[in-house]
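All the letters of the sequence shown, read from the start, carry residue numbers 14 to 309 under our numbering.
By construction, the Cβ of each residue, glycine as well, lies at the ideal position given by its N, Cα and C atoms.
A short write-up of the structure that comes next.
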Amino acid sequence: MASHRLSRQQIVYRLDQSIPPAVEIDPGDTVYFETYDARTGSILSDDDLLDHPHPVGSNPATGPVFVRGAEPGDGLCVTIESIDLAESGFLAVKKGEGLLAHRADHFATRIVPVNDGVVHFGDLRFPANPMVGVIGTAPAGDGISTSFAGPHGGNMDNRFITQGSRVHLPVEVEGAGLGIGDIHAAMGDGEITFIGLEICAEVAARVDLVKGAGIRRPLVETDHHWVTTGEGDDLGDAARMAANEMVDLLQARLELSFEEAYMLMSAAVDVQICQCCEPGEFPVTTRAVVSRDLVP
14 MASHRLSRQQ
24 IVYRLDQSIP
34 PAVEIDPGDT
44 VYFETYDART
54 GSILSDDDLL
64 DHPHPVGSNP
74 ATGPVFVRGA
84 EPGDGLCVTI
94 ESIDLAESGF
104 LAVKKGEGLL
114 AHRADHFATR
124 IVPVNDGVVH
134 FGDLRFPANP
144 MVGVIGTAPA
154 GDGISTSFAG
164 PHGGNMDNRF
174 ITQGSRVHLP
184 VEVEGAGLGI
194 GDIHAAMGDG
204 EITFIGLEIC
214 AEVAARVDLV
224 KGAGIRRPLV
234 ETDHHWVTTG
244 EGDDLGDAAR
254 MAANEMVDLL
264 QARLELSFEE
274 AYMLMSAAVD
284 VQICQCCEPG
294 EFPVTTRAVV
304 SRDLVP
């Protein structure tokens, strides 16, 4: 299979079928996505504050990738083969924003080195946990900003999307229109300031095509877990969506009734927050997680 490289100059701020592809590939090819951080490389020092709107947008994704043979009703299986991080990223506080907006009285930025898999936050050290914030395909109809999540994927901010993960995505338009971006060197569940440890990176992803998959929504598969996703204007709606997808998965894979799967959910499935930076003002994303020891 062939490999392809996309520079971080080949960026989009929307997943949109009207955007010409940056590259055309065959199923099974690997694409190396060079990605910008969430502010397109504009944050270079602690003096660079998020006190003004970015002139072109936030959360850029590299792409789009046209997958030959991909048609509506198919699915992509995108395997994250590696995530190579830049030497530093940034954390920030935006005045009056985030989950603790009522306490965020000042703008602040911190450039944070990341060396040999270790994050250096002042005198504190903790392991990096590289993950992909934005991964998605172009939706049918109008496009959607890379700042938002939906049935197409998008800005899910799901820390289970990391090296080794397989992300199943629906194909809604010819060629799929895959984009990847918004890499974090580390991100706590919730991303409560709106900003994870934003960093430039290179992501190697193998892109396989599953004909007639009929995938409705993103599904994340790791060696140890199945992960369904949800999004909504409030936490309840988003959690309900992820749970609903997980109940369907349990019924299908374990041949259970709804009642059996629903009971099992309450005993063996974790419903978790992905991004909850400003509920009611900005859409929330969630996940439901089950062990593959229980669900092969």
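Residues bridged to A214 (per DSSP): Locating residue 214 in the sequence shown gives position 201, where the first residue counts as 1. Paired residue(s): T48 and L98.
Using DSSP with H/G/I as helix, E/B as strand and the rest coil, what is Q22? For this step, residue 22 is matched to residue 9 along the sequence shown. Q22: coil per DSSP, three-state reduction.
Would you mind sorting L89 into buried or exposed? The rule is 16 or more other CB atoms within 10 Å of its CB. Indexing the sequence shown from 1 puts residue 89 at position 76. With 16 or more Cβ atoms within 10 Å of its Cβ, L89 is classed as buried.
Nearest-angstrom beta carbon gap, M278 and M259 [assumed within contact, 8 Å]: The residue given as residue 259 occupies position 246 in the sequence shown. The residue given as residue 278 occupies position 265 in the sequence shown. Indeed, because the Cβ distance is near 6 Å, the residues count as touching under 8 Å.
Around the C-beta of R230, are 16 or more other C-beta atoms found within 10 angstroms, so that it is buried, or is it exposed? The count along the sequence shown starts at 1 and reaches residue 230 at position 217. Per the 10 Å Cβ criterion, buried.
In this structure, what does DSSP give as the bridge partners for D221? Indexing the sequence shown from 1 puts residue 221 at position 208. Paired residue(s): C90.
Where DSSP assigns a beta bridge to T242, which residues make up the other side? The residue labelled residue 242 in the question sits at position 229 within the sequence shown. For T242, which the question treats as bridged, DSSP gives the partners R300.
Classify P164: buried if its beta carbon has 16 or more other beta carbons within 10 angstroms, exposed otherwise. Here residue 164 is taken as the residue at index 151 of the sequence shown, counted from 1. When all chains shown are included, P164 counts as buried.
If you follow the beta strand (DSSP E) that M144 is in, where does it begin and where does it stop? The residue given as residue 144 occupies position 131 in the sequence shown. Note, M144: beta strand (DSSP E), M144 to G149.
Mind pulling the beta strand (DSSP E) runs of 3 or more residues that sit fully within the region 131 to 193? 131 to 134, 137 to 140, 144 to 149, 166 to 168 and 179 to 183
Which value, in whole angstroms, describes the spacing of the CA atoms of A218 and D97? The sequence position of residue 218 within the sequence shown is 205, counting from 1. The sequence position of residue 97 within the sequence shown is 84, counting from 1. So the two alpha carbons sit approximately 12 Å from each other.
With DSSP as the reference, label H237 as helix, strand or coil. Residue numbering aside, residue 237 sits at position 224 when the sequence shown is read from its first letter. Coil, per DSSP.
Would S178 and N72 qualify as a contact pair, given that the criterion is a beta-carbon distance under 8 Å? By one-based count along the sequence shown, residue 178 stands at place 165. By one-based count along the sequence shown, residue 72 stands at place 59. No, Cβ-Cβ distance for S178 and N72 is not below 8 Å.
Buried versus exposed call for L137 [16 or more other C-beta atoms within 10 Å across all chains shown]: The sequence position of residue 137 within the sequence shown is 124, counting from 1. Classification of L137: exposed, given that the 10 Å Cβ count is below 16.
Three or more C-beta pairs under 8 Å: does that hold for the region 206 to 222 against the region 36 to 54? yes
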